[in-house]
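Take the sequence shown: its position 94, counting from 1, is numbered 78 in our numbering, and each next residue is one higher.
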Amino acid sequence: MCQAPRIRQARWSSSSNLSTIPAADKPYYITTPIFYVNAAPHIGHLYTMVLVDVLKRWQQIKGKEAFLLTGTDEHGMKIQRAAAKEGIEPKEFCDNNSNKFRELAAAGDISYDAFMRTTSPEHKESVSEFWLQLKHTLPEHLGLYKGIHEGWYAVSDECFYPEDLVRPDIVPQTGKKIMVSDETGSEVEWVKEETWFFPLTKYKDALLKFYDDNPNWITPTHRMNEVRNWVGNHLEDLSITRPAARLSWGIPDPEDHNQTIYVWVDALINYITQAGYGSTWHSSSDNMGIWPADMQVIGKDILRFHAIYWPALLMALRLPPPKRLLCHNHWTMSNRKMSKSLGNVVNPFFAVQRWDIDPLRYFLMRNGSFTKDMSYSNQLIGSVYVKELQANIGNLFYRIARPKVTAKWSTLEAVATYREGGFNEMHEHQSEQLFHSLDEHLEKTPPAFYEEMENCNTGGAIREIFNLLRETNRYVSDTEPWNLVKAPDSESRTLLNLVIYNSAEALRIAGILLQPIMPTKAALLLDELGVREDRRTVEFAVKGKDADYGTEAKTGDPAARTKKWDTIFPPTPNANDSDAEVMEQLSSALHDKTKNKMNQVAELLAMEARMGEEAVAKMLAELHAAKNKAQSL
């Protein structure tokens, strides 16, 4: 079951003895990257957290226990310099910024089970053990060796780049000539220093074989091609320490405090620190608890570290790599790359305050992409909010489960009619085909949603629910239950109950499946439908699976009607949040039929279900243009 705030969550503290879990019974272990604390969180951090949380909650409503790890990466040159710039000690700097990421997780309703900090004592112990095993337990040609490293280093990326991936550039503001990374555009500086090396080139064949044996290891698949190209053409031995004289803020080599362990080696190990490595288990012959991770979610900018360095380091110690990597793209602001210098970085805390967390989660999961960068704007969110949440879900619910005071029907009566076999004896004549026109959508949506979620395609999954509910709006518009309720004959009453039952089933199934995406709003929807808490798992997201829910209609005093501010998706404070052009076209085309804004959007949804989105958009534009022309004559 996946419901907030009453959700039963598989939670463990970081001190729990996870190594005692039998491998076959281990929770589904999913991780965010640990977030670098050199700056405040932005909307991209919230997106990653929400994506991982949604995938965790999906496992839970399938009946699987799940464990979510998030946290902060707190070592390295960037932190050292940022703290110095603020005139405070690095630890104080990290404490302040790490707390902001905890606050973001709380604001995002992220059901994490552990929050890892790389400055924690248990993590330092884990890194030290990993380091000593790399140095002392491997064959000479596969273990660490000392040497002099020369190369181009990007402090902002905490990464060396090969000569063929560096180019000259000019700083626009000053005209200063610099060298930058081809991949990231970050400035690089030439560094020559004594270091310990990990012989990454010796693992080239093993990496390529691993990719061959696991072609679907990385989602999306085109990222695997990038990784294979890097391993095949750009692989170099990895410098995995920095002189302490240059970098003091990090975990020292336990045998030589003149060397500081490379921040990325330090950071990657956090995933097995949480699983108990170095404290309760030490090799793959031990019970590794929740390791390997079932899914590690990362941004495209850190793919190489997770898809090349991480599996190679694990291979060196004969530890299994994670089962799957999911690599997402980045967010832009109105199609422009977010940048502190441009002042267009979205503050996620402000976004949550403006939209409430569940609508924001819905938008991020709807528009998230693994193949292209994603655009964020309040206008985009506003259009989605009005059409897909207020109208397609909220307004549909109130039409079905909270009819106007004169409409005497209820979901309780409709479900009871189904339970008692009241629809079995219906006469099958031509006119009744319309009343079964929702059946195919109710049947095909749950398996289609399931497949999309198994492929981590939250946008595709949301589209399946949107289409189901849009068809339900069409179904209600076509069957006109407000007319059926006026007829005195028993057959009309049965048809009325069939319409309400099918529509309630669409809402119930949607509510169950949307729980990972909008845990609070989905729980509210299911509560309002009278769905029991023990019937909110995926197995119940099938038509007819639950025949014991529903509520009485609130009829009587008009004052008892639900106020719009008390609805599941209330109006937004800013009237400009929705697509003004579409709303103007709708008002123009449907003014004679209904003046109610939500009913107009509901009719738009019904028309789209009948005709298709493009045809409706064209028709509305033509009607609006014709009306404007007539008014100007």
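Ideal placement from N, C-alpha and C gives every residue a C-beta, glycine not left out.
Comparing C-alpha distances from residue 529 to each of 127, 24, 399, 502 shows the shortest one belongs to 399. In this structure, residue 353 places its C-beta atom within 8 Å of the C-beta atom of residue 313. Take the alpha-carbon of residue 342 and the one of residue 491: they are about 17 Å apart. Each of 481, 149, 181 was checked against the Cα of residue 166, and the nearest Cα belongs to 149.
As DSSP reads the structure, residue 202 sits in a beta bridge with 309. Per the Cβ contact rule, the stretch 276 to 295 is not in contact with the stretch 125 to 136 (fewer than 3 Cβ pairs under 8 Å).
Residues of the same chain with a CB within less than 7 Å of the CB of residue 161, apart from the 5 flanking positions on each side, are 152, 154 in chain order.
The stretch 217 to 231 makes no contact with the stretch 65 to 85: fewer than 3 CB pairs, one atom from each, lie closer than 8 Å. Taking each of 217, 348, 211 in turn and checking the Cα distance to residue 295, the smallest one comes out for 211. Taking 8 Å as the cut-off, the Cβ atoms of residue 35 and residue 395 do not count as close. In this structure, the alpha-carbon of residue 102 lies about 11 Å from that of residue 233. Going by beta carbons, residue 93 and residue 53 fall outside the 8 Å limit. Check the Cα spacing between residue 426 and each of 169, 497, 370, 356: the tightest is with 497. Just so you know, the alpha carbons of residue 82 and residue 21 end up roughly 6 Å apart. Scanning the stretch 465 to 536 from its first residue to its last, the whole alpha helix (DSSP H) runs of 4-plus residues come out as 465 to 468, 474 to 497, 503 to 513. In chain order, 395, 396, 399, 514 place their CB closer than 6 Å to the CB of residue 534, counting only its own chain and leaving out the 5 sequence neighbours on each side.
By DSSP's assignment, residue 223 forms a beta bridge with 181. Residue 119: member of the alpha helix (DSSP H) spanning 105 to 120, first to last residue. Distance from the CA atom of residue 38 to the CA atom of residue 297, rounded to whole angstroms, is 29 Å. Contact check for residue 440 and residue 205: beta-carbon distance about 12 Å, past the 8 Å limit, so the pair fails to qualify. In terms of CA proximity to residue 306, 252 leads the group 252, 315, 147.
For residue 53, there is no enclosing alpha helix (DSSP H); the enclosing beta strand (DSSP E) has its first and last residue at 50 to 57.
Per DSSP, residue 447 is one residue of the alpha helix (DSSP H) stretching across 442 to 463.
A straight line joining the alpha-carbon of residue 108 with that of residue 64 spans about 18 Å. The three-state secondary structure of residue 429, taken from DSSP, is helix.
Setting aside the 5 residues that flank it on each side, residue 184 is surrounded in the same chain by 219, 220, 221, 222, 292, 293, 296, each with a C-beta closer than 8 Å to its C-beta; the list follows chain order.
Separation of residue 142 and residue 317 (C-alpha to C-alpha, rounded to the nearest whole angstrom) is 26 Å. With a 10 Å radius around the Cβ and a threshold of 16 neighbouring Cβ atoms, residue 95 comes out buried. Boundaries of the beta strand (DSSP E) harbouring residue 134: 129 to 138, taken from the DSSP string.
In terms of CA proximity to residue 478, 409 leads the group 409, 124, 24.
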